[in-house]
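Colleague:
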């Protein structure tokens with residue numbers, strides 16, 4: 001499995017920005033935030049932050065939000081979005097690699113990563129880095145496609161729940177990417193997190209079992 005380059009995402013900024021605002025992914029983002037704990041006065045990190053939409057959902061409560069993404073285009077879009085919302089004073093976005101985070105040890109209270117770990121050739125490298133930069137006792141939360149995610153099953157889900165147009169298109173795109181990368185049963189990602197040093201690992205299945213939210217403590 002090859003490592004993806006940031007330039008592969010630069011031409012897809014608008015697509016991913018709109019995807020982060022779909023109903024199905026918005027619901028997953030909101031649930032992930034709930035499971036990551038109280039953001040009040042916390043320093044929150046999002047690894048693979050895209051255009052910053054996930055952090056935007058809880059930024060008002062936080063002390064700071066930090067996003068890192070492989071794509072220069074995603075980072076520039078994030079900075080523009082937060083500038084328009086007058087949030088530059090409490091946000092920081094930069095280009096970087098999930099497996100080599102440019103942050104000090106134990107810097108963040110809450111660390112998140114959605115739709116990213118499954119893309120990495122060696123997800124344990126990204127998880128180890130996220131744990132390194134998270135404070136002891138801090139919270140972590142992840143969103144990944146489950147073992148049962150496939151184009152066929154995503155089609156069935158879309159039909160059952162009436163997803164059409166861009167809502168359906170984005171779910172199928174995620175399913176197509178998942179078949180080429182990693183998909184996880186809940187115990188597989190659970191064990192991987194424990195191996196990397198996390199504790200109190202728990203999981204929830206969503207989208208009729210096609211999506212997996214996993215949350216833990218350091």
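In full-length UniProt numbering, the protein residues as written are 1 to 218. We put the CB at the ideal spot given by N, CA and C, even for glycine.
Under DSSP, the beta strand (DSSP E) around residue 66 begins and ends at which residues?
Modeller: Start and end: 64 to 69.
Colleague: Only counting runs of 4 or more residues, tell me where the alpha helix (DSSP H) segments fall wholly within the stretch 137 to 205, in order along the chain.
Modeller: DSSP runs (the alpha helix (DSSP H)) wholly in the stretch 137 to 205: 151 to 161, 165 to 180, 186 to 196.
Colleague: Considering only C-alpha positions, which residue in the set 160, 213, 75 is nearest to residue 145?
Modeller: Selected option, being the one with the closest Cα: 213.
Colleague: Would you mind giving the Cβ-Cβ distance between residue 94 and residue 75, rounded to the nearest angstrom? I have them listed as a contact below 8 Å.
Modeller: Indeed they touch by this definition, with Cβ atoms about 6 Å apart.
Colleague: With a floor of 3 residues, list each beta strand (DSSP E) that falls wholly inside the UniProt domain "Methyltransferase type 11" (45 to 142), ordered by position along the chain.
Modeller: Within the UniProt domain "Methyltransferase type 11" (45 to 142), the complete beta strand (DSSP E) runs of at least 3 residues are 64 to 69, 91 to 95, 108 to 114.
Colleague: Can you tell me the Cα-Cα spacing of residue 34 and residue 53, whole angstroms?
Modeller: Spanning the two alpha carbons is a distance of roughly 16 Å.
Colleague: Give me the Cβ distance between residue 49 and residue 56, rounded to the nearest whole Å; I'm assuming they're in contact under 8 Å.
Modeller: Rounded, the Cβ-Cβ distance is 10 Å, inconsistent with contact.
Colleague: Nearest to residue 90 by CA position, among 71, 67, 217, 104, is which residue?
Modeller: Cα-wise, what sits closest to residue 90 is 67.
Colleague: With residue 103 and residue 133 assumed to form a contact (beta carbons below 8 Å), what rounded beta-carbon distance in angstroms separates them?
Modeller: Confirmed, Cβ separation roughly 4 Å.
Colleague: Cβ of residue 50 versus every heavy atom of the ligand SAM: is any distance shorter than 7 Å?
Modeller: Of the ligands one can find in the structure shown there are none, so the ligand SAM has no counterpart to examine.
Colleague: Go ahead and pull the three-state DSSP assignment for residue 27.
Modeller: Note: residue 27 maps to helix in three-state DSSP.
Colleague: At the 8 Å Cβ level, is residue 64 part of the contact set with chain B, yes or no?
Modeller: The question asks about chain B, but that chain is absent: this structure has only one protein chain.
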